[in-house]
Each structure stands twice: as C-alpha cells, then as structure tokens.
C-alpha cells in the first residue's frame, strides 16, 4: 500500500474538523458534469457583497496518462495545468496568466514519485527556481511518518520545515505535527459506527507562552443526510446540515455562533448540481 502524502497524514481527522462546514462560504452554486475522460465545473460564490465565478475543465487522453486542465475566473485569471501519470510517477506543469497580456504570473513544475515504501513530492516555481518545496513520507505497518521542507538554494538553507507522524489502528488515527514556527498539532480521529465519526485537535504555540487551543467535531449520517457539529475552546460552535434532494442535487447549510452569547455570527449555504 502506498503511504499517504505529507499533507494527508491527518486527512481523516481534518475531514471531520473542516469539510462541509458552510458558514464561511457565503452562498455557493456549483454545477458539474463528467464523462469517462472529461470533467467540467462551474462555480459561483456570493460573499460580503462580492461575487466570484470560476469555470474549469479537465480532459484526460485515454491510454496516455496525459491530462490537461484549464480554468478561468471573473478576475481574468487563467490557469493551465498539464499532467502526466504512470504507475509510480506523476508530473505536472501549472501556469497562471492574464488573457490579453504576455505576462505569465507564475509557472510551477511538480513531481510525485511513490511506491509501496515511500511517497515523495517536489515542486519549484520556474520563475524563481532557487526555492524548492519537497516532502517525503514513509510507511511501515500501521505507522506513517514524514517531513516537508522549503529550501532556498541561493542562500543554502531551509526556510521552512515540518515533521509529522501518524498511527492508524483500525478505526482510530492519532497524528502529530511540529513545524519551524514552533507550532505543535495533535489530532485524534475515531469512527464510532458506520454513521458516526468524531475528531479532536489540539494546537500548541510554544512562542506564545505555550498557548494551546482545542477543537472537537462530530459527523453523523442518517438517510443520506449529514449533520455536523464543531466546538472550540473559545466558545465558537459551528453547525452544518447537508442533504441530497435528488440523485444529483445536494444542499448544504451552515451557521456559526457564540455559545456564551447565542447569536448567529455567520450563515452560509451551498447548492450543488452534478
């Protein structure tokens, strides 16, 4: 089994803690369609009196491992991504530019090599090739560990680094992460039943008088509907509800509120057509 990527070591807990909470989204309408080798998505977002829109598509060329993705938003930002995948290597080139000009804002090259023992990634901005971001994870039995670094080749030093480890024991996950900003994160995930999941996260900032924050979240599914609740040590509670109307239509609703002063702080919704 291929070890997970560095950013996904705590993905089970992060999914419960962060995914499908709609209070911060404003209003979102998303329409997507797909076939065997093509996927198209359009997304509109209303938030704080502002409107954002994005159109994106991805075409995979059968039998070659090659795929092309493009997207355009209402801020006139155009992105193109070329991907190549085989059994042990993925590579991609992503460019961002403004149509009508010759100025490419960024161009990034990435590689991902993986096998049953390790999963490694590297990316570099082709306009600033002296800074390289790399990560590697290795797995053995029920454990996965790894590191991620940003290296400034011109100055011959690491400008950012992080270490992480995860233990996967059946329906329980325990993960640990520490980085160069002296921030340590512990997450715990447990699947209590096929319908019920729970997760907890503690974050300690050693450069702020050992300040620790805590948040817990639960997810419950019943008759295709999903109910989620998250609470942190500052007394902020987030609730969400997601339900499918038909086979290809779903609605998500979310609010955040202060437990000590029960008033709604934020409200958001998301309507998806597939």
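Residue numbers (our numbering): 1015 to 1288. Ideal placement from N, C-alpha and C gives every residue a C-beta, glycine not left out. Computed from a predicted structure; not experimentally measured.
What does the alpha-carbon distance come out to for the pair residue i and residue j?
i            : j            : result
residue 1249 : residue 1097 : 44 Å
residue 1131 : residue 1103 : 14 Å
residue 1092 : residue 1115 : 11 Å
residue 1149 : residue 1028 : 19 Å
residue 1113 : residue 1155 : 50 Å
residue 1015 : residue 1099 : 18 Å
Can you tell me where the beta strand (DSSP E) holding residue i begins and where it ends?
i            : result
residue 1176 : 1171 to 1183
residue 1142 : No beta strand (DSSP E) holds residue 1142; DSSP gives it neither H nor E.
residue 1250 : 1250 to 1260
residue 1071 : 1064 to 1075
residue 1231 : 1225 to 1236
residue 1274 : Counting along the chain, residue 1274 falls outside any beta strand (DSSP E), and DSSP gives it neither H nor E.
residue 1059 : 1052 to 1061
residue 1242 : 1239 to 1246
residue 1015 : Careful: residue 1015 lies outside any beta strand (DSSP E) and carries neither H nor E.
residue 1215 : 1210 to 1219
residue 1103 : 1103 to 1111
residue 1093 : 1092 to 1099
residue 1187 : 1186 to 1193
residue 1119 : 1118 to 1128
residue 1087 : 1080 to 1087
residue 1204 : 1197 to 1205
Going by C-alpha to C-alpha distance, which of the options sits closest to residue i?
i            : options                   : result
residue 1118 : 1142, 1024, 1152 and 1079 : 1142
residue 1245 : 1176, 1155, 1213 and 1259 : 1213
residue 1124 : 1145, 1060 and 1157       : 1145
residue 1263 : 1036, 1046 and 1225       : 1046
residue 1165 : 1138, 1278 and 1237       : 1138
residue 1205 : 1129, 1234, 1283 and 1099 : 1234
residue 1275 : 1182, 1251 and 1267       : 1251
residue 1237 : 1218, 1257 and 1042       : 1257
Would DSSP call residue i helix, strand or coil?
i            : result
residue 1022 : helix
residue 1029 : helix
residue 1269 : strand
residue 1039 : coil
residue 1161 : strand
residue 1135 : strand
residue 1115 : coil
residue 1288 : coil
For residue i, is the beta carbon positioned less than 6 Å from some heavy atom of the ligand SAH?
i            : result
residue 1158 : For the ligand SAH, the structure offers nothing, since it holds no ligand at all.
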